[in-house]
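Asker: A single structure is presented below for examination.
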Amino acid sequence: ALHVLKGAVVSVLRIPTGKSTERVTVGKEANTGVLTIGNMAAPVSDEQQKTIGELANAKIAENVPYRVFKISRSKAEELYGETMYDNFKVPDSVTELRLVTLPKWSLNAGIFPIAKSTGLLGKIELTKFKHNA
């Protein structure tokens, strides 16, 4: 769900995809988690929160297949710059990246298992937004 939600967040808030994810935390209850985004100048408005949820759930309803591929780190950085990176460092010793993309929505380097398509996620329910100045 991270890729779907982050795509909606960066679209609505008009922030860069690269280096914007500060932390991803899996919740204690099943199917819950926290996505911490940096580069936030102001709190997310109620209207923005609503739009983020609508866009994320629309992407799920589209049942878009995830594209997962491996590519040399140097080639990935040549093609995508820092867009695929979160704000936590991939060790310099890593020479090949596993990229996960939803075309024209999100691109992320990641090692964790991913669903075959967005439709398998069901529905995303956003329960809380918090802004730290």
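For the sequence shown, this note's numbering begins at 3 and goes up steadily by one. Glycine residues also receive a C-beta, built at the ideal position from the N, C-alpha and C atoms.
1) Please work out which residues of its chain come closer than 7 Å, Cβ to Cβ, to V66, disregarding the five sequence neighbours upstream and downstream, and give them in chain order.
2) Just to confirm, is the Cβ distance from L99 to I73 under 8 Å?
3) Is it a yes or a no for the stretch 43-62 touching the stretch 78-94, going by three-plus beta-carbon pairs under 8 Å?
4) Report the three-state DSSP secondary structure of E139 (helix, strand or coil).
5) What residue range is occupied by the uninterrupted beta strand (DSSP E) comprising I73?
6) Is it buried or exposed, S22, if we count other Cβ atoms within 10 angstroms and call 16 or more buried?
7) Nearest to N59 by CA position, among S13, A117, K130, L7, is which residue?
8) Here's the rule: buried if 16 or more other CB atoms are within 10 angstroms of the residue's CB, otherwise exposed. What is S108?
9) Taking G20 as the reference, which of S76, S95, D48, A111 has the closest Cα?
10) Let me know the secondary structure DSSP gives S47 once reduced to three states.
11) Assign I113 to one of two classes, buried (16 or more other C-beta atoms within 10 Å of its C-beta) or exposed (fewer than that).
12) Specify, as a first and last residue, the run of the alpha helix (DSSP H) that L136 falls within.
Answerer: Well, looking at it:
1) Closer than 7 Å at Cβ, skipping near neighbours: L104, S119, T120.
2) Result yes, Cβ atoms of L99 and I73 sit closer than 8 Å.
3) Because the criterion of three Cβ pairs below 8 Å is not met, the stretch 43-62 and the stretch 78-94 do not touch.
4) Because residue 139 is not part of the residues shown, which for the chain are 3 to 135, the question remains open.
5) Counting along the chain, the beta strand (DSSP E) containing I73 begins and ends at 69-74.
6) By the beta-carbon neighbour count (other beta carbons within 10 angstroms, threshold 16), S22 is buried.
7) Nearest C-alpha to N59 among S13, A117, K130, L7: L7.
8) With 16 or more Cβ atoms within 10 Å of its Cβ, S108 is classed as buried.
9) With distances taken between Cα atoms, G20 lies closest to A111.
10) Of the three classes helix, strand and coil, the one that applies to S47 here is coil, per DSSP.
11) Exposed, by the Cβ-count rule.
12) For the chain, the structure presents residues 3 to 135; residue 136 sits outside this window and is missing.
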